[in-house]
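Colleague:
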Amino acid sequence: MEWIEMAPAVSASATTVSLETRRELVNPRFENYILNTTGVASISRSPLPRPYGFDKVASPSTLPLQKLHFRARFNHLFHNPYHSAAILYIDQDYTLQYGCITSVENAAPAFAALFSLTAPSSTVHEYPSAIFASKNDLVASNGATQLVWLQLSDDHVVSLASNIPFTSTAPPILVAARKRDERLCAMVLTMEETPRESNASSRSRLPETPMKIVFTLSLLDVTLDGNGNCRCDIVMAVQGDTPPYFVHLDDDGLAFTVASEMLYELIKSTHHVSRSTLDSNTTAEKPPPSNYQWSQTSDELVITILLPFSIPPSQLVVNFTPSRVTIASRPPHPSPHVILNKAFFDTVLPSESVWTIESNKIITLNVAKNVSSSTLVGSKWPQLFKSGDDGGVGESIDPSEALSISERLEAFTSDGIDGVSTSSILQNQIGEAPEPEDYETSRATIMRFARDALSAIQKCDTEGYEWISNSMNSMLLKRDVDGVVFDTSFAHVATFPALAYISASKRWKRFIVYPDEGVHKYAYVALVESRHLAYIYRPNTSGGDTNRGEQNVVDLTLGSKEEQEILGARIVQDGYTICCITNTDVVVNNYKYDVHCIVKGGRHR
């Protein structure tokens with residue numbers, strides 16, 4: 001059992017790196033994609049050996065929005081990057097099913113049951129997950145308390161290397177793993193609901209703030225001694241307020257990249273001291289509760305702060321800058337010191353901002369937003385101060401406004417749905433895409449962390465870019481109307497012309513995948529819908545026209561009226577194949593040649 005000490009966030013020391021596109025990879029004269037009706041010959045669809053089991057994890061209507069977004073984007077099909085034709089999924093009985101895409105015409109993928117995880121007994125669990133750390137090392141989680149290290153022989157015989165003694169208050173989800181010498185480096189994500197700190201103002205007129213989701217990424221070192229005993233060390237952990245889009249662990253396990261909507265910051269360092277060896281009188285010092293509340297309109301912030309002691313106005317200094325507010329007491333006050341010094345989430349107008357004080361104890365800041373230069377879409381701020389500096393204090397809503405919102409929402413809520421089973425509701429929640437805006441591009445913050453330095457080493461300046469998707473070793477960002485691909489060293493490596501424009505029109509897209517390894521590296525990108533179609537875009541036509549591309553449309557249902565949710569999609573076979581799974585089937589789109597899209601035949605009924 002590890003004892004984890006808190007350490008200050010250090011992301012401010014990271015070097016800022018700018019994203020720069022290469023002119024030779026951008027084609028401003030690109031015109032359009034031409035529909036290719038002959039490129040896709042057929043498509044194979046075969047039954048899975050065991051159903052996936054879409055109801056593994058219940059998604060109640062009260063699930064926080066951030067967690068719902070993460071689950072909607074979760075890819076339930078896993079890939080072995082060290083064996084290009086291999087795929088893996090975890091069935092309804094929590095058995096790891098390992099499959100290989102064969103080269104035989106019309107043949108179904110050959111599956112074998114590798115290992116059976118323990119089905120979670122607790123109602124608090126997440127989706128099971130699996131990551132290959134090397135050709136012969138696999139890490140798997142049942143989404144609850146079980147985390148295992150498996151070793152595969154060349155003929156796919158599996159042995160349990162060890163159960164990993166990872167302990168957490170929230171279920172772990174595997175997001176990355178690498179084998180480093182004789183040790184296993186793995187990264188797990190935990191999502192924990194914590195109550196927001198209550199507003200301490202004596203004149204609070206607002207209801208209690210809701211629960212807050214904290215997303216923590218932990219880098220683990222797992223080792224085995226000569227007797228087979230397993231030790232799990234948390235090397236470092238980073239934390240953010242939004243789920244990660246992308247987590248990449250370098251091959252040597254010495255650094256990792258995190259992309260998310262908001263910053264992730266280092267919050268923990270680990271010393272492996274048994275709890276029993278700690279001084280019983282040693283207690284963790286808790287931070288003081290937040291002493292402010294805030295609300296906003298389209299052009300103004302109203303911040304109410306409870307001062308720690310009584311201060312006459314003549315002994316109080318309030319200073320506004322375009323990016324920060326500072327409040328301090330000054331002589332002759334007996335305790336002169338800085339009370340507040342924080343950076344705003346966005347810019348403000350100091351000349352139009354004022355403050356007042358009541359009873360020498362409660363100060364109110366009326367801060368004018370700099371709407372004209374804001375980078376936000378819309379005028380609402382998601383938080384008052386920059387990430388890691390807000391103390392978990394969410395925006396307060398006036399009771400009358402909250403009541404109005406509640407009344408408007410009543411038309412969209414009910415106690416239940418007559419004649420609809422629980423499993424049907426669960427199936428819809430896992431499979432159907434949320435509203436289109438949930439899948440549109442959003443801002444991206446990209447950080448790199450180093451394990452040896454135990455700090456953030458690079459922060460990527462993504463101004464002008466927004467997030468679209470990622471592959472195994474690269475990130476796909478929106479720039480103007482294009483989709484541009486950057487590797488984890490922040491080098492521009494490919495462009496999909498007009499992809500951002502096209503993607504915005506695909507209302508039901510669920511997965512956006514592209515090859516970043518093999519013969520077809522960056523040759524095409526596929527937009528896979530939640531139920532029915534997949535759209536494949538190739539920047540160049542088969543005739544070599546660089547100003548036009550080719551589009552293929554694939555019917556994933558093979559013309560059947562019975563649609564099933566697409567639960568996962570991966571690029572396999574060195575970029576030759578797009579593979580998808582539903583609850584009961586595996587769908588294979590096989591691309592054999594650069595010129596045309598050839599797909600295996602066959603149909604499962």
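Using full-length UniProt numbering, the first residue of the sequence shown is number 1, and each one after it goes up by one.
Using N, Cα and C, we set each Cβ at its ideal position, and we do this for glycine too.
Owing to the predicted nature of the structure, the values given are computational and were not obtained by experimental measurement.
Alpha carbon to alpha carbon, how far is Asn319 from Arg23?
Modeller: Roughly 44 angstroms between the two C-alpha positions.
Colleague: Look at Pro244 and Leu217 and say whether their C-beta atoms are less than 8 angstroms apart.
Modeller: Yes, they are a contact pair.
Colleague: Can you give me the Cβ contacts of Gly568 inside the same chain, cut-off strictly under 6 angstroms, excluding the 5 residues immediately before and after it?
Modeller: Asn75, His76, Leu77 and Ile581.
Colleague: Going by C-alpha to C-alpha distance, which of Asn366, Leu533 and Phe215 sits closest to Val348?
Modeller: Val348 has its Cα closest to that of Asn366, out of Asn366, Leu533 and Phe215.
Colleague: Rounded to the nearest angstrom, what separates Ser372 and Thr21 at their Cα positions?
Modeller: Ser372 and Thr21: Cα-Cα distance of roughly 27 angstroms.
Colleague: Assuming Ser474 and Asp487 form a contact by the criterion Cβ under 8 angstroms, report the distance between their Cβ atoms to the nearest whole angstrom.
Modeller: At roughly 5 angstroms, the Cβ-Cβ gap stays under 8 angstroms, so Ser474 and Asp487 are in contact.
Colleague: Using a 10 Å radius around the Cβ and a threshold of 16 neighbouring Cβ atoms, would you call Glu565 buried or exposed?
Modeller: So Glu565 ends up on the buried side.
Colleague: Quick check on Leu556: does DSSP put it in helix, strand or coil?
Modeller: If DSSP states are grouped into helix, strand and coil, Leu556 belongs with coil.
Colleague: Indicate whether Leu476 and Tyr514 have their beta-carbon atoms separated by less than 8 angstroms.
Modeller: Yes, these two residues count as a Cβ contact at 8 angstroms.
Colleague: Any idea what DSSP makes of Gln92, helix, strand or coil?
Modeller: The answer is coil: DSSP assigns Gln92 none of H, G, I, E or B.
Colleague: Between the C-alpha atoms of Val481 and Ser530, what's the straight-line distance to the nearest angstrom?
Modeller: Going from the Cα of Val481 to the Cα of Ser530 covers about 23 angstroms.
Colleague: Please name the residue or residues paired with Tyr264 in a DSSP beta bridge.
Modeller: For Tyr264, which the question treats as bridged, DSSP gives no partner whatsoever.
Colleague: Looking only at its chain, what residues have a beta carbon closer than 6 angstroms to the beta carbon of Val26, apart from the 5 residues adjacent to it on each side?
Modeller: Result list for Val26: Thr495, in chain order.
Colleague: With a threshold of 8 angstroms between beta-carbons, can Gly240 be considered close to chain C, or not?
Modeller: The structure shown has no chain C; it contains just one protein chain.
Colleague: Run the CB neighbour count on Leu219, radius 10 Å, all protein chains shown included, and call it buried at 16 or more, exposed below.
Modeller: Buried, since its Cβ has 16 or more Cβ neighbours within 10 Å.
Colleague: Can you tell me the Cα-Cα spacing of Asn589 and Ala534, whole angstroms?
Modeller: Roughly 10 angstroms between the two C-alpha positions.
Colleague: Just list the residues that DSSP pairs Gln383 with in beta bridges.
Modeller: Per DSSP, none; premise fails for Gln383.
Colleague: If I follow the unbroken beta strand (DSSP E) through Arg73, where does it start and stop?
Modeller: First-last for Arg73: Leu65 to Arg73, but that is the alpha helix (DSSP H), not the beta strand (DSSP E).
Colleague: Return helix, strand or coil for Leu220, following the three-state DSSP convention.
Modeller: Residue state, collapsed to three classes: strand.
Colleague: What residue does the alpha helix (DSSP H) around Ser84 start on, and which one ends it?
Modeller: First-last for Ser84: undefined, no H or E at that position.
Colleague: Can you say whether Ser489 is buried or exposed, counting buried as having 16 or more other CB atoms within 10 angstroms of its CB?
Modeller: Result: exposed.
Colleague: Leaving out the 5 sequence neighbours to the left and right, which residues in its chain are closer than 7 angstroms to Arg180 when beta-carbon positions are compared?
Modeller: Same-chain partners within the cutoff: Asp252 and Gly253.
Colleague: Give the DSSP bridge partners of Trp149, in chain order.
Modeller: Paired residue(s): Val139 and Ser162.
Colleague: Considering only C-alpha positions, which residue in the set Arg507, Ser351 and Glu192 is nearest to Ala144?
Modeller: That would be Glu192, whose Cα lies nearest to the Cα of Ala144.
Colleague: From what residue to what residue does the alpha helix (DSSP H) around Leu499 run?
Modeller: Segment Leu499 to Ser505, the alpha helix (DSSP H) holding Leu499.
Colleague: Exposed or buried, what is Thr422 when buried is set at 16 or more other beta-carbons lying within 10 Å of its beta-carbon?
Modeller: Note that Thr422 has pLDDT 40, beneath the 50 cutoff, so the model's placement of it is unreliable and the number below is only indicative. Exposed is the call here.
Colleague: When we look at the beta-carbon of Asp241 and count the other beta-carbons within 10 Å, is it buried (16 or more) or exposed?
Modeller: Asp241 is buried by the Cβ-count criterion.
Colleague: Please state if the CB of Lys212 and the CB of Tyr127 are separated by a distance shorter than 8 angstroms.
Modeller: It is not a contact, given that the beta carbons lie outside the stated cut-off.
Colleague: DSSP three-state call for Val485: helix, strand or coil?
Modeller: It is a strand residue.
Colleague: How would you label Phe70, buried or exposed, when you count the other beta carbons within 10 angstroms and need 16 or more for buried?
Modeller: Flag for Phe70 reads buried.
Colleague: In or out: Lys561 buried (at least 16 other Cβ within 10 Å) or exposed?
Modeller: Under this definition Lys561 is an exposed residue.
Colleague: Would you kindly report the start and end of the unbroken beta strand (DSSP E) that includes Leu527?
Modeller: Element bounds for Leu527: Val525 to Glu529.
Colleague: Which residues share a DSSP beta bridge with Lys509?
Modeller: DSSP, once it has assigned bridges, lists Glu529 as partnering Lys509.
Colleague: Could you tell me whether the region 116-127 touches the region 87-95, using the rule of 3 or more Cβ pairs below 8 angstroms?
Modeller: Yes, since at least three Cβ pairs between the region 116-127 and the region 87-95 fall closer than 8 angstroms, the two stretches touch.
Colleague: Look up Ser129 in the DSSP assignment and say whether it is helix, strand or coil.
Modeller: Residue state, collapsed to three classes: strand.
Colleague: Candidates Lys342, Lys369 and Ser359: which alpha carbon is nearest Phe385's?
Modeller: Residue Lys342 is the option with its Cα nearest to Phe385.
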